[in-house]
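Residue numbers (my numbering): 10 to 272.
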């Protein structure tokens, strides 16, 4: 633990889907591993992170409103570090808009580089202006990142990132990138670890979990459910979200065969 961070607090505010919730849990895990302490006191926190959503207009307006309210906090306590991240930052030109309208923001980053949070905080702390790092393209999946789950019984587990559907009404493929599936052995390893900690329920997350494994070539979502069903200690398996076009007979059979899969 760095002496600079010792006893410092963090506050994360999250908008959007369960993927965003899980991203915030990941950031919380990274921050606590660095030595930060969670607080619900936004006004007096040493680090404030707004994890944004851009699927609908309302969450964007809420972010702008919250940023405006943070101006007075930054004026009273210039040492506080204010960061904005998430899907909204992946929109073209949004990072520069935030920087221009809210110049007191210290750090802006997107959805592809959460694993770099310690370096981003260090860079922002040493910068005299807004530090921006928004990757335009998704990178490799980084495993082994600590996660701070809100519950002691049930946990979100991301099994894949991104989406390939490009529905006309949806911005997700542009903010989350193309589909990338985690290796099944990494997922099983994570859930086995959760079971040993006493977790009973997992919710498998992805923008379209039904298409899990297509990029791997040798494992399907049905296969994954069967693997997780065999993990001792886990009693319930849930998942979201799924697209009906990728629903297979094998997946239907897996849900039927696996008693831990919730209806």
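The C-beta atom is built at its ideal place from N, Cα and C for all residues, glycine as well.
Everything numeric in this text was worked out from a predicted model, so none of it was measured.
Judging by CA-CA distance, which residue of 267, 208, 225, 216 is the nearest neighbour of residue 163?
Per the Cα distances, 208.
Going straight from the alpha carbon of residue 103 to that of residue 64, what length do you get?
The straight-line gap from Cα to Cα measures roughly 14 Å.
So what's residue 166 in DSSP terms, helix, strand or just coil?
Strand.
Alpha carbon of residue 220 to alpha carbon of residue 121, nearest angstrom
Straight-line spacing of the CA atoms in residue 220 and residue 121 works out to 20 Å.
In or out: residue 256 buried (at least 16 other Cβ within 10 Å) or exposed?
When all chains shown are included, residue 256 counts as exposed.
Measure the alpha-carbon distance for residue 78 versus residue 19 and round it to whole angstroms.
If I take the Cα positions, the gap works out to 17 Å.
Residue from 113, 95, 72, 212 with nearest C-alpha to residue 87
The residue with the shortest Cα to Cα distance from residue 87 is 113.
Should residue 141 go down as buried or exposed, given a rule of 16 or more other Cβ atoms within 10 Å for buried?
Under a 10 Å Cβ-count criterion, residue 141 is classified as buried, with 16 or more other Cβ atoms of the shown protein chains found around its own Cβ.
Are the beta-carbon atoms of residue 191 and residue 147 separated by less than 8 Å?
No, the pair does not count as a contact, with Cβ atoms beyond the cut-off.
In terms of alpha-carbon separation, which member of 176, 204, 62 lies closest to residue 161?
The shortest C-alpha to C-alpha distance from residue 161 to any of 176, 204, 62 is the one to 204.
Buried or exposed (CB count within 10 angstroms, at least 16 for buried), residue 181
It counts as buried.
Run through DSSP, which three-state label would residue 93 get?
In the structure shown, residue 93 sits in a strand (DSSP, three-state: E or B).
Could you tell me the alpha carbon to alpha carbon distance between residue 258 and residue 128, rounded to whole angstroms?
If I take the Cα positions, the gap works out to 45 Å.
Alpha carbon to alpha carbon, what distance is there between residue 151 and residue 195?
If I take the Cα positions, the gap works out to 11 Å.
Using a Cβ-Cβ distance under 8 Å, would residue 219 count as near chain C?
Looking for chain C here will not work: only one protein chain is present.
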